[in-house]
Amino acid sequence: MPSTMSQAASSRIVLGTLTLGEGRSASFELRDGRWLADDPGRCLRWHDGPCASDGRDTLLLVSVDQGAALRLYGLEPLAARKGDCGTGLLIEAGDQASPQARVEWCITSVMD
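Using this note's numbering, read the sequence shown as starting at 52 and increasing by one per residue.
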């Protein structure tokens, strides 16, 4: 079970972009164990919540008790560097058994 990001990450801010295909994209921020998306194109169903990492992937949660809105494969916020990129899944309504769409993520900035 993933745990929420530790307080050691509380001063670290990770900014990135999500690309959902067909020219659709959104920006995201990871900070203080939470995530927030800037999504002017309304690509995402959820736009903020807690985030958790299992040491390999990062889960952007709908809420603590509802599961993930997005799973970003290979993104570890404590080790993220500008230019890191990977793939993930946009998960409909926190239902991990029914991935809605593949996404690509890329880190644009890290501030410690």
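For each residue, glycine too, the CB sits at the ideal point set by N, CA and C. As the structure is a computational prediction, the values presented were derived from the model and not from experiment.
Per-residue burial, residue i [other beta carbons within 10 Å of its own, 16 or more giving buried]
i    : result
T109 : buried
A103 : buried
G67  : buried
G100 : buried
V113 : buried
Chain-order list of residues whose beta-carbon lies under 6 Å from that of residue i (same chain, five-residue window excluded)
i    : result
E155 : T70 and T138
D163 : R63
G125 : G137
L141 : L121, Q151, A152 and V154
C94  : L71, R75 and A77
A237 : No statement about residue 237 is possible, as the shown extent of the chain runs from 52 to 163 and does not include it.
V115 : P101
CB-CB length for residue i against residue j, believed under 8 Å
i    : j    : result
L121 : L111 : 4 Å
Boundaries of the beta strand (DSSP E) in which residue i is found, first to last residue
i    : result
C94  : Run containing C94: none; DSSP gives neither H nor E here.
P101 : D99 to S104
R122 : G118 to L123
A131 : Element bounds for A131: n/a, residue is neither H nor E.
V113 : T109 to S114
Residue nearest to residue i in terms of C-alpha spacing, selected from the options
i    : options                  : result
D90  : A131, V161, G74 and R132 : G74
H98  : L123, I158, E80 and C157 : E80
A131 : R85, G92 and C157        : C157
Own chain partners of residue i with C-beta closer than 7 Å, once the 5 adjacent residues on each side are dropped
i    : result
S160 : L66 and K133
M52  : Legend: pLDDT at M52 = 43, less than 50; position of this residue unreliable, value from coordinates given subsequently. Once the five neighbours on either side are set aside, M52 has no close Cβ partner at all.
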